[in-house]
Amino acid sequence: MSTIKKSMLTGLLVALAAMALAASMVPPATAAGFKKEYKLQVNVGPSFYWGIGATKFADLVRERTDGRINIKPYFGSALLKGAQLKSAQMVAKGVIDCAYESTINVSPVIPEANIFHLPFFINTFENLDRMKAGQSGQAVFAAMEKVGLKPLAWAENGFRQVTNSKRPIEKPEDLKGLRIRVVGNPLFMDTFRQLGADPVNMNWGDAQTAFQQGVVDGQENPVGVLIPVQIHQYHSYATMWNYLVDPLVIYWNRKQWKAFPADIRKAIRESAEASGRFEIALCRAGLDGDKSLTVLKNDFNYTMAVPDPVAFMESRGMTVSFLSADQVKAFADATAPVLEKWAGEIGTDLVEKARADMAR
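If you want it as structure tokens, here you go:
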């Protein structure tokens, strides 16, 4: 063999060796065609129970896929620049990969999600769990599939309670004339107008200023929000009335989901279910006896910083009222026209499915 040919052969072998070395250095995820980062839309900050659940989801996915799928939570609707009601559209389009999102925020695209927001319709954790596991929950998931989303599991933001700076709210008349900050869902606006309040939609930063200035009297949110935002700084009265509930859904872009290998789909789904169970327990801790506190301790080795949210609010000087069954009925009767109107918007068949679920 000539010297030239030997040099060419040597060069070829060196090149092939270099290519093999380079290929071996490519991270497994990249080699398999996975993205370096999967963007997760989260409406709240990382210190809220919702945000803690989203972090748990990302951690579990990374662990269960051996680092092949890396999810990065984008808190505070950073990917949407605050336009939280567009999360479902952006995930369906593939602009955002996945979301740990409220049914309130998906309701503009999935009107069936408003089944959870009918006033004084669900009222208890048991009813909520029956709906999520039943025909009504399945109907919401099916509607999400139709628009290009893949729902994976339920989580929770919790039953929404009302707080204010003026007086205890124990009967419908107590709300008359109060300016109450609500989310921008028209069903919420209708409910408070029906009760004689003046509902106003504004972002949380503006709401805090409005509370301090006395321009807005109250607001409605679950305790998983009331504790981190230190609502006691603004309001002296809280009413635990469970007027409607705010479940969360963990979901993915459907097209992207279908392209994942079966083992990846299994790992992500199981991570979603585990994080959802963890996050639900966070939101219910101290509100369902010791049930959720026990789940957190035994199943997740997690201890709540605020194990009793009601006692915490009372320790900060708030008066916390719990309504009797008759008092709740008075509010339900007062808002019956809103429920009837929105049952027609959502679909009376879905409402009947929900009633059947709760009756099981």
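Each residue of the sequence shown is one higher than the one before, counting from 138 in this note's numbering.
Cβ atoms here follow ideal geometry from the backbone N, Cα and C, with glycine treated the same way.
Check residue i in the structure and name its three-state DSSP category.
i	result
L197	helix
P210	strand
D335	strand
R406	helix
N242	helix
I306	coil
A236	strand
E482	helix
N128	Residue 128 is absent from the model: the chain starts at 138 and stops at 497.
V475	helix
A168	Only weak support is given to the placement of A168: the predicted model assigns it a pLDDT of 43, under 50, and the question is left unresolved by the model.
D311	helix
N390	strand
Y371	coil
E174	coil
R316	strand
G355	strand
D111	Coverage of the chain is limited to positions 138 through 497, which leaves residue 111 absent and any answer about it impossible.
N179	Contrary to the premise, residue 179 reads as Val rather than Asn in this sequence. Correct three-state label for V179: strand.
D445	coil
F348	helix
L150	Interpretation of L150 is limited by its pLDDT of 44, a score under 50 that renders its predicted location unreliable; no figure is taken from the coordinates.
K269	helix
F185	coil
Does the Cβ of residue i have 16 or more other Cβ atoms within 10 Å, making it buried, or fewer, making it exposed?
i	result
P474	exposed
D234	buried
F397	buried
T456	exposed
D494	buried
G188	buried
Q178	buried
P210	buried
F459	exposed
K193	buried
N435	exposed
S184	exposed
N180	buried
Would you please state the rounded distance, in angstroms, between the beta carbons of residue i and residue j? I believe it to be under 8 Å.
i	j	result
V243	S224	7 Å
N207	K176	About 10 Å; that fails the 8 Å criterion.
Q331	A471	7 Å
V337	R316	6 Å
F329	V319	6 Å
L388	M227	Per the sequence presented here, residue 388 reads as Tyr, with Leu not at that position. Contact doesn't hold; Cβ gap of about 12 Å is too wide.
F171	D425	Contact doesn't hold; Cβ gap of about 39 Å is too wide.
R97	E407	The displayed coordinates of the chain run from 138 to 497. Any statement about residue 97 would go beyond what the structure contains.
Please find out if some non-hydrogen atom of the ligand GDP comes closer than 8 Å to the beta-carbon of residue i.
i	result
F253	As for the ligand GDP, it is missing from this structure, which has no ligand bound.
For residue i, write down the residues that DSSP places opposite it in a beta bridge.
i	result
F296	V382
F459	M377
K287	W389
Y439	Paired residue(s): none; Y439 is not in a bridge.
D425	D427
Practice problem: Indicate whether the contact test is met: 3 or more Cβ pairs, each with one atom in the stretch 436-452 and one in the stretch 353-367, closer than 8 Å. | Solution: yes
Quiz item: So does the stretch 243-262 actually touch the stretch 472-491, counting three or more Cβ pairs closer than 8 Å?
Solution: yes
Quiz item: Can we say the stretch 211-219 touches the stretch 263-271, given the rule of at least three CB pairs closer than 8 Å?
Solution: no
Quiz item: Okay, do the stretch 399-411 and the stretch 310-325 touch, 3+ Cβ pairs below 8 Å being the bar?
Solution: Taking 8 Å as the limit for Cβ pairs, the verdict is that the stretch 310-325 does not touch the stretch 399-411.
Quiz prompt | At least three beta-carbon pairs within less than 8 Å, the stretch 290-299 to the stretch 384-397 | solution = yes
Exercise. Evaluate the contact criterion for the stretch 405-413 versus the stretch 338-352: three or more CB pairs, one atom per stretch, below 8 Å.
Key: no
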